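Undergrad:
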Amino acid sequence: MPYRLWAFKFVCTQPRCKRQKLTGCGVYKTVRRVLDMDGWYYMGTEYLECRLCKKKLAGWSLDILDQLDASHRSIFPAILTYRLSCDLKVVRLMRERTLGNSVTRLYNQLREQHSQTWMSRTLYYLSVCDHFVVPGAAPLRVTPPPPFLDVPSAQWLLTVHGYDVLFQLEDFKARVTSIFGSILKMDSTKKVTKKLAGAAHGTAAWATNVGNEYGQVLITVLTDSEGEGLLDMAAGLQQRYSRAGVAPPKLLYVTRDCCALMGKGKTAAMFSQWEELIVRLDVGHLIRRFARGVTTESHPLYALFLRRLSSCMLVWCAEDVERLLEAKRGELKVSHITGLSDAQVLKRIRLKEMARHCRRRTRGAEETERLIGELLETFIDATDTLGVRLLDRDRMQAIWQTQRQHLVCIQDPPGVSIYTNKGKDVTKGGVILPVLRCARESTSLESFHLHLNHFIPGTSASAEHFQAYLLEGLVRWNEDRAEAAAEGGGQKQTLHCYDGVAQHAINELSQKLLGRSLVKDHTRPAKYTGELIGVKYLFSQSHGDQRLESNLGKDPDVPDGTPDLFEGGEVEEDDLGELEEEDDPTMSLPDLDDHLPPVPPLRKATPPPTQPNPSQVPVVTPPEWLALMKAQRGASKGQ
Numbered sequence: 001m002p003y004r005l006w007a008f009k010f011v012c013t014q015p016r017c018k019r020q021k022l023t024g025c026g027v028y029k030t031v032r033r034v035l036d037m038d039g040w041y042y043m044g045t046e047y048l049e050c051r052l053c054k055k056k057l058a059g060w061s062l063d064i065l066d067q068l069d070a071s072h073r074s075i076f077p078a079i080l081t082y083r084l085s086c087d088l089k090v091v092r093l094m095r096e097r098t099l100g101n102s103v104t105r106l107y108n109q110l111r112e113q114h115s116q117t118w119m120s121r122t123l124y125y126l127s128v129c130d131h132f133v134v135p136g137a138a139p140l141r142v143t144p145p146p147p148f149l150d151v152p153s154a155q156w157l158l159t160v161h162g163y164d165v166l167f168q169l170e171d172f173k174a175r176v177t178s179i180f181g182s183i184l185k186m187d188s189t190k191k192v193t194k195k196l197a198g199a200a201h202g203t204a205a206w207a208t209n210v211g212n213e214y215g216q217v218l219i220t221v222l223t224d225s226e227g228e229g230l231l232d233m234a235a236g237l238q239q240r241y242s243r244a245g246v247a248p249p250k251l252l253y254v255t256r257d258c259c260a261l262m263g264k265g266k267t268a269a270m271f272s273q274w275e276e277l278i279v280r281l282d283v284g285h286l287i288r289r290f291a292r293g294v295t296t297e298s299h300p301l302y303a304l305f306l307r308r309l310s311s312c313m314l315v316w317c318a319e320d321v322e323r324l325l326e327a328k329r330g331e332l333k334v335s336h337i338t339g340l341s342d343a344q345v346l347k348r349i350r351l352k353e354m355a356r357h358c359r360r361r362t363r364g365a366e367e368t369e370r371l372i373g374e375l376l377e378t379f380i381d382a383t384d385t386l387g388v389r390l391l392d393r394d395r396m397q398a399i400w401q402t403q404r405q406h407l408v409c410i411q412d413p414p415g416v417s418i419y420t421n422k423g424k425d426v427t428k429g430g431v432i433l434p435v436l437r438c439a440r441e442s443t444s445l446e447s448f449h450l451h452l453n454h455f456i457p458g459t460s461a462s463a464e465h466f467q468a469y470l471l472e473g474l475v476r477w478n479e480d481r482a483e484a485a486a487e488g489g490g491q492k493q494t495l496h497c498y499d500g501v502a503q504h505a506i507n508e509l510s511q512k513l514l515g516r517s518l519v520k521d522h523t524r525p526a527k528y529t530g531e532l533i534g535v536k537y538l539f540s541q542s543h544g545d546q547r548l549e550s551n552l553g554k555d556p557d558v559p560d561g562t563p564d565l566f567e568g569g570e571v572e573e574d575d576l577g578e579l580e581e582e583d584d585p586t587m588s589l590p591d592l593d594d595h596l597p598p599v600p601p602l603r604k605a606t607p608p609p610t611q612p613n614p615s616q617v618p619v620v621t622p623p624e625w626l627a628l629m630k631a632q633r634g635a636s637k638g639q
């Protein structure tokens, strides 16, 4: 009861009332039953009234809750719908969609917890009643225990999770549009668009994403086509950099439209405001284009051909390879393995070790063209033991004639540092090795595409919920990448939370009262830039600027279309495992006879850039938290 207990001054939200103060008019007649982890509890509230329009509002209406400050708003324990209510402890379990953490599994866990609690209480009640049974006396009339209250359906739980995301949309949009980078990557995928249901089903063909060198995603849009359909997205990104006063990116990796026979390529023309932007073709995608000339991927020579092809385009840094060989010799010496040649030691180094500690650089267009030509001459008639050719001669010759013009597009631009030292140097065999991050390949975006499909739970979602789940997934993805980039060589942060409003509010007050920040804040969003994201971008092109934000849940006592509580509809398991990075097709062990020209120095590891002037949200530390912290501190001292 914020009006009676905290003396908050609430105003009427009706425009004609001109912020007339609300007055109390007793206790609200309805008591809400709230789903908890192992049972149910009941919640009551007060009733407020506007003296001008005579409108009455319950204390749990969003029109009231939205007028609370961050500290008091965070105390409200549940999400209320018309049919039932759910405690936030349950809702938070649906936010992280990992292996085995689907809504169906949560539904089964809640049923088990509720059943176990009901059985324990029933057993205790019946055992107490049993003490009053006296042999030979009249039979005791025992009142049956309260019946078991079933857990709402998995579909209802998923709808409540959608409410949770919808209430945070403005914060999510501000955080997504506050991401920047100096080396960008752009790629598209189709798979996630198949989950768009309802009136928008079939209208989206591509989901295009732009990422930075840290693996974060600056923007995700749904379009019915690539090319001209991305002009508004490009304009929004350029305005974002300009308004924030952030230097434009130096380099952009793409999978298509990298160049043109005359003038600027299509991609460079899209980002025309960034006059010094260099557009490059992703090496991995060029290798995949050559792979189309292979008769079958199951051919025994297929993997060897790709490794040789990648070595024609990229060469390892001799200095880094020498340092890694020295470190591996030191490790082998501890195991009493000595007297090995460089080639023998090299065979004991995994490709992931090479990628982690060694740099690569492009060879130059002329040398690359010569080496690929020699490679194709070598493999053009290569067969396996059954006489099956590796390469289709006509197809590969057509590919070579088409793709040789793009060899210039894959070259590293001079003066741009592709590699960054993460600041997590490791010692192997007595040798200190840097841990490197490469901005050249688009593997981070491809990994994001694998996760993107799991941001949308189930097999389909309406446009409104698709947008909500997408924004939530983007925020969590970017926060994880920012945390990994900011850790450096330091200890990993134990606090794990994605509530940006609470983080910024706590840090603001702790700076004011304590002189230091209590929470590591990796992303500091400023005001939402107005860029269209996800489904809303699609609607702006095909349906006009259609509004996606919903008014559902403004008043939980009004019917809102939530599904029946106990309907038998199944929600398909759609889990996301811990996806390992795919093997990089451009990776192969180096030829020790190769020599690398000088490479640009490593960039220092720095946190991802964020927009200046972060939003400020006042917050007061709740006394309940302080009391709990003191109690825990006293218990730890007593032990």
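So for the sequence shown, the UniProt record's numbering puts the first residue at 1; every next one is plus one.
Yeah, the Cβ is synthetic: ideal placement off N, Cα and C, and Gly gets one too.
No experiment lies behind these values; they were computed from the predicted model shown.
Please tell me whether ARG356 and VAL315 are closer than 8 angstroms, where the distance is taken between their beta carbons.
TA: Taking the sequence shown and counting its residues from 1, one reaches residue 356 at position 356. Taking the sequence shown and counting its residues from 1, one reaches residue 315 at position 315. No; because the gap between Cβ atoms is not below 8 angstroms, this pair is not in contact.
Undergrad: For the beta strand (DSSP E) holding MET186, just list the boundary residues, first then last.
TA: In the sequence shown, the residue the question calls residue 186 occupies position 186. Run containing MET186: 183-189, per the beta strand (DSSP E) assignment.
Undergrad: Rank GLY44, VAL192, TYR28, ASP63 by C-alpha distance to the C-alpha of PRO15 and give the top, closest one.
TA: For the purposes of this step, residue 15 is taken as residue 15 along the sequence shown, with counting starting at 1. The residue with the shortest Cα to Cα distance from PRO15 is ASP63.
Undergrad: Check each candidate in CYS86, VAL254, VAL246 and name the one with the smallest Cα separation from VAL210.
TA: The residue given as residue 210 occupies position 210 in the sequence shown. Closest option to VAL210, Cα to Cα, is VAL254.
Undergrad: With burial defined as no fewer than 16 other Cβ atoms inside 10 Å of the residue's Cβ, what is the status of LYS18: buried or exposed?
TA: Counted from its first residue, the sequence shown places residue 18 at position 18. When all chains shown are included, LYS18 counts as exposed.
Undergrad: Can you tell me which of GLY364, VAL283, ALA247, LEU57 puts its alpha carbon nearest to the alpha carbon of ARG256?
TA: As a position in the sequence shown, residue 256 is number 256, starting the count at 1. When only C-alpha atoms are compared, the closest one is VAL283.
Undergrad: Which runs of the beta strand (DSSP E), 3 residues or longer, sit entirely within the segment 349-394?
TA: As far as the segment 349-394 is concerned, its whole beta strand (DSSP E) runs of at least 3 residues are 360-362.
Undergrad: Between which two residues does the alpha helix (DSSP H) harbouring LYS54 extend?
TA: On the sequence shown, residue 54 is found 54 positions in, with the first residue counted as 1. Looking at the DSSP string, LYS54 is not in any alpha helix (DSSP H), and its letter there is neither H nor E.
Undergrad: Helix, strand or coil: how does DSSP classify ASP87 here?
TA: The residue labelled residue 87 in the question sits at position 87 within the sequence shown. Looking at ASP87 - three-state DSSP - the assignment turns out to be strand.
Undergrad: Taking the Cβ atom as the reference point for each residue, do ALA197 and ALA461 lie within a distance shorter than 8 angstroms?
TA: For the purposes of this step, residue 197 is taken as the residue at position 197 of the sequence shown. For the purposes of this step, residue 461 is taken as the residue at position 461 of the sequence shown. Going by C-beta atoms, ALA197 is nearer than 8 angstroms to ALA461.
Undergrad: With a CB to CB cut of under 8 angstroms and the five nearest residues on each side skipped, what residues in its chain are close to HIS131?
TA: Within the sequence shown, residue 131 is the residue found at index 131, counting from 1. Contacts found: none.
Undergrad: Grouping DSSP H, G and I as helix and E and B as strand, with all else coil, what is TRP40?
TA: If you number the sequence shown from 1, residue 40 lands on position 40. TRP40 falls in the strand class under three-state DSSP.
Undergrad: DSSP on LYS428, reduced to helix/strand/coil?
TA: Here residue 428 refers to the residue found at position 428 of the sequence shown. It is a strand residue.
Undergrad: Taking just the CA atoms, how far does ARG437 sit from LYS424?
TA: Position 424 of the sequence shown holds residue 424. Position 437 of the sequence shown holds residue 437. Their Cα atoms are separated by approximately 11 angstroms.
Undergrad: Take VAL334 and list the residues in its own chain whose beta-carbon comes closer than 8 angstroms to its own, dropping the five residues that flank it on each side.
TA: Here residue 334 refers to the residue found at position 334 of the sequence shown. Correct list, in chain order: GLY429.
Undergrad: With burial defined as no fewer than 16 other Cβ atoms inside 10 Å of the residue's Cβ, what is the status of LEU445: buried or exposed?
TA: Here the question's residue 445 lines up with position 445 in the sequence shown. Classification of LEU445: buried, given that the 10 Å Cβ count is 16 or more.
Undergrad: Enumerated in chain order, which unbroken segments of the beta strand (DSSP E) with a length of 3 residues or greater are wholly contained in the segment 93-175?
TA: Runs of the beta strand (DSSP E) inside the segment 93-175: none found.
Undergrad: Can you find a C-beta in chain D that's less than 8 angstroms from the C-beta of HIS131?
TA: Among the protein chains of the structure shown there is no chain D, as only one such chain exists.
Undergrad: Taking DSSP's pairing of strands, which residues face ARG329 in a bridge?
TA: For the purposes of this step, residue 329 is taken as residue 329 along the sequence shown, with counting starting at 1. DSSP lists no partner for ARG329.
Undergrad: Buried or exposed for ALA398, please, with buried defined as at least 16 other CB atoms from any protein chain shown within 10 angstroms of its CB.
TA: Along the sequence shown, one-based indexing puts residue 398 at 398. Per the 10 Å Cβ criterion, exposed.
Undergrad: Examine the Cβ distances between the segment 109-122 and the segment 130-148 and report whether three or more of them are shorter than 8 angstroms.
TA: The segment 109-122 is in contact with the segment 130-148.
Undergrad: Would you check if the segment 215-223 and the segment 150-157 touch, i.e. whether three or more CB-CB distances between them fall below 8 angstroms?
TA: Output reads no: the segment 215-223 does not touch the segment 150-157.
Undergrad: In whole angstroms, give me the CA-to-CA distance for PHE539 and LEU532.
TA: Taking the first residue of the sequence shown as 1, we reach residue 539 at position 539. Taking the first residue of the sequence shown as 1, we reach residue 532 at position 532. When rounded, the distance between both Cα atoms is 9 angstroms.
Undergrad: Using three-state DSSP, classify TYR419 as helix, strand or coil.
TA: For the purposes of this step, residue 419 is identified with residue 419 of the sequence shown, where counting begins at 1. Here TYR419 sits in strand by DSSP.
Undergrad: Does DSSP classify VAL321 as helix, strand or coil?
TA: The residue labelled residue 321 in the question sits at position 321 within the sequence shown. If DSSP states are grouped into helix, strand and coil, VAL321 belongs with the helices.
Undergrad: Whole angstroms is fine: what's the gap from ALA174's alpha carbon to LYS21's?
TA: Looking up residue 174 in the sequence shown gives position 174. Looking up residue 21 in the sequence shown gives position 21. Going by the C-alpha atoms only, they are around 31 angstroms apart.
Undergrad: Terminal residues of the continuous beta strand (DSSP E) containing CYS25?
TA: Taking the sequence shown and counting its residues from 1, the one referred to as residue 25 is at position 25. Its beta strand (DSSP E) spans residues 22-27.
Undergrad: Here's the rule: buried if 16 or more other CB atoms are within 10 angstroms of the residue's CB, otherwise exposed. What is ASP150?
TA: For this step, residue 150 is matched to residue 150 along the sequence shown. Classification for ASP150: exposed.
Undergrad: Identify which residue in LEU35, GLY24, SER61, LYS29 has its Cα closest to the Cα of LEU48.
TA: On the sequence shown, residue 48 is found 48 positions in, with the first residue counted as 1. The residue with the shortest Cα to Cα distance from LEU48 is GLY24.
Undergrad: Consult DSSP for ASN209 and reduce its assignment to one of helix, strand or coil.
TA: Counted from its first residue, the sequence shown places residue 209 at position 209. In this structure, ASN209 counts as strand in the three-state DSSP scheme.
Undergrad: Whole angstroms is fine: what's the gap from GLY500's alpha carbon to ASP171's?
TA: One-based indexing of the sequence shown puts residue 500 at position 500. One-based indexing of the sequence shown puts residue 171 at position 171. Each residue's alpha carbon lies about 8 angstroms from the other.
Undergrad: Here's the rule: buried if 16 or more other CB atoms are within 10 angstroms of the residue's CB, otherwise exposed. What is CYS53?
TA: Counting from one through the sequence shown, the residue named residue 53 turns up at place 53. Under this definition CYS53 is an exposed residue.
Undergrad: At the level of alpha carbons, what is the spacing between ALA39 and THR117?
TA: By 1-based counting over the sequence shown, the position of residue 39 is 39. By 1-based counting over the sequence shown, the position of residue 117 is 117. Inspection of the sequence shows that residue 39 is occupied by Gly rather than by Ala. About 7 angstroms.
Undergrad: Going by CA-CA distance only, name the one from LEU231, LEU65, VAL435 that's closest to residue 641.
TA: This structure leaves residue 641 out entirely; the chain is present only between 1 and 639.
Undergrad: Please classify VAL90 as buried or exposed, where buried requires at least 16 other C-beta atoms within 10 Å of its C-beta.
TA: In the sequence shown, the residue the question calls residue 90 occupies position 90. With 16 or more other Cβ atoms within 10 Å, it is buried.
Undergrad: Which partner residues of LEU436 appear in the DSSP bridge assignment?
TA: Taking the sequence shown and counting its residues from 1, the one referred to as residue 436 is at position 436. According to DSSP, which records beta bridges pairwise, LEU436 is partnered with ASN421.
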